[in-house]
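Worksheet for the structure shown next.
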Amino acid sequence: MTTTAEPSLTNSGRRERPPGRANDEDATAAHRLLFAAAAASAGAAAALTAITLQLQPALLLAWLIVPVTIAAAVIDARTGLIPNALTAPLAAGTAAYVLVVAPFDGNLLTAALAGAAVSAILHGALWFTGGYGGGDLKLSIILTAAAATLGLIPAAIAMAAPALLLLPLLLKRRIQRKPDTSTRLGPYLAAGLILAVIAAIAL
Numbered sequence: 003m004t005t006t007a008e009p010s011l012t013n014s015g016r017r018e019r020p021p022g023r024a025n026d027e028d029a030t031a032a033h034r035l036l037f038a039a040a041a042a043s044a045g046a047a048a049a050l051t052a053i054t055l056q057l058q059p060a061l062l063l064a065w066l067i068v069p070v071t072i073a074a075a076v077i078d079a080r081t082g083l084i085p086n087a088l089t090a091p092l093a094a095g096t097a098a099y100v101l102v103v104a105p106f107d108g109n110l111l112t113a114a115l116a117g118a119a120v121s122a123i124l125h126g127a128l129w130f131t132g133g134y135g136g137g138d139l140k141l142s143i144i145l146t147a148a149a150a151t152l153g154l155i156p157a158a159i160a161m162a163a164p165a166l167l168l169l170p171l172l173l174k175r176r177i178q179r180k181p182d183t184s185t186r187l188g189p190y191l192a193a194g195l196i197l198a199v200i201a202a203i204a205l
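Residues in the sequence shown are numbered consecutively from 3, following the numbering used here.
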């Protein structure tokens with residue numbers, strides 16, 4: 003889950019950044035923009051490469067985002083956070099890739115948008131009820147959009163697999179009557195994407 007620190011309120015009612023953090027936050031924002039721009043450029047370049055070499059564009063997109071998704075899962079497992087520094091490049095790279103390939107594959111853009119919309123509705127409901135963190139929601143939408151470009155079955159796997167993999171843990175907690183504790187969903191979301199890619203290759 004992703005959390006952010008809220009700046010303090012001054013007597014005038016205006017929010018004020020803690021001393022010494024302004025420059026750090028500005029630098030972090032600049033770094034995120036650079037990461038996103040680099041990811042978008044990489045996605046576009048990969049798309050052009052796929053078109054030139056007549057590779058399966060959507061499958062190449064999946065392999066491009068798998069390493070970053072695994073990194074996000076590892077960070078989430080260790081810290082409980084999915085940083086924007088990873089979700090922003092994932093979103094930018096996926097969007098750039100799809101937009102470049104769309105003229106050559108008319109269904110790609112539609113599939114990506116449909117996957118993102120369905121994920122936003124379903125996972126957005128979980129976020130609204132407190133079952134998802136902001137980072138979980140963003141990563142879910144990105145990964146479902148990417149998986150949807152591989153086909154309906156991979157998209158369904160990317161959405162359903164995390165819940166199915168998580169089910170034994172939830173049942174164990176219920177049986178042992180353990181109090182509700184936060185679950186770090188990044189690893190489960192990454193596993194769902196990997197299973198979706200495997201299904202796309204096997205089909």
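In this text, a Cβ means the ideal position worked out from N, Cα and C, and glycines have one as well.
Expected contact under 8 angstroms - CB spacing of alanine 114 and threonine 89 to nearest Å: Indexing the sequence shown from 1 puts residue 114 at position 112. Indexing the sequence shown from 1 puts residue 89 at position 87. About 16 angstroms; that fails the 8 angstroms criterion.
Three-state secondary structure (DSSP) of proline 164: Against the sequence shown, residue 164 aligns to sequence position 162. Secondary structure at proline 164: helix, using DSSP grouped into helix, strand and coil.
Helix, strand or coil at leucine 186 [DSSP, three-state]: Here residue 186 refers to the residue found at position 184 of the sequence shown. For the sequence presented, residue 186 should be read as arginine rather than leucine. Coil.
At least three beta-carbon pairs within less than 8 angstroms, the region 165-174 to the region 132-140: Three or more Cβ pairs closer than 8 angstroms define a contact, and the region 165-174 falls short of that threshold against the region 132-140.
Proximity to alanine 2 [Cα-Cα], best of Leu61, Val76, Leu62 and Pro85: The first residue shown for the chain is 3 and the last is 205, placing residue 2 beyond what the model contains.
Within 8 angstroms, strictly: CB atoms of alanine 198 and alanine 147: Against the sequence shown, residue 198 aligns to sequence position 196. Against the sequence shown, residue 147 aligns to sequence position 145. In this structure, alanine 198 keeps its C-beta atom at 8 angstroms or more from the C-beta atom of alanine 147.
Beta-carbon proximity of leucine 154 to tyrosine 190, cut-off 8 angstroms: For the purposes of this step, residue 154 is taken as the residue at position 152 of the sequence shown. For the purposes of this step, residue 190 is taken as the residue at position 188 of the sequence shown. No, they are not a contact pair.
Whole-angstrom C-beta distance between proline 156 and alanine 104, which should lie under 8 angstroms: Locating residue 104 in the sequence shown gives position 102, counting from the first residue. Locating residue 156 in the sequence shown gives position 154, counting from the first residue. Taking the Cβ atoms as the reference, alanine 104 lies roughly 18 angstroms from proline 156, outside the contact range of under 8 angstroms.
Cβ shell of leucine 195 (< 8 angstroms), same chain only, five flanking positions each side left out: What you label residue 195 is simply residue 193 of the sequence shown in a count that begins at 1. Cβ-Cβ distances below 8 angstroms link leucine 195 to Ala64, Ile67, Val68, Thr71, Leu145, Ala148, Ala149 and Ala160 in the same chain, with the five nearest sequence neighbours on each side left out; the list follows chain order.
Close-in-space but distant-in-sequence residues of the same chain around serine 121 (CB under 6 angstroms, 5 per side omitted): Within the sequence shown, numbered from 1, the residue matching residue 121 stands at position 119. Excluding residues within five positions, the ones whose Cβ falls inside 6 angstroms are Ser142, Ile143 and Thr146.
Which of helix, strand or coil DSSP assigns to tyrosine 99: Sequence index remark: in the sequence shown, residue 99 carries index 97 (1-based). Three-state DSSP puts tyrosine 99 in a helix.
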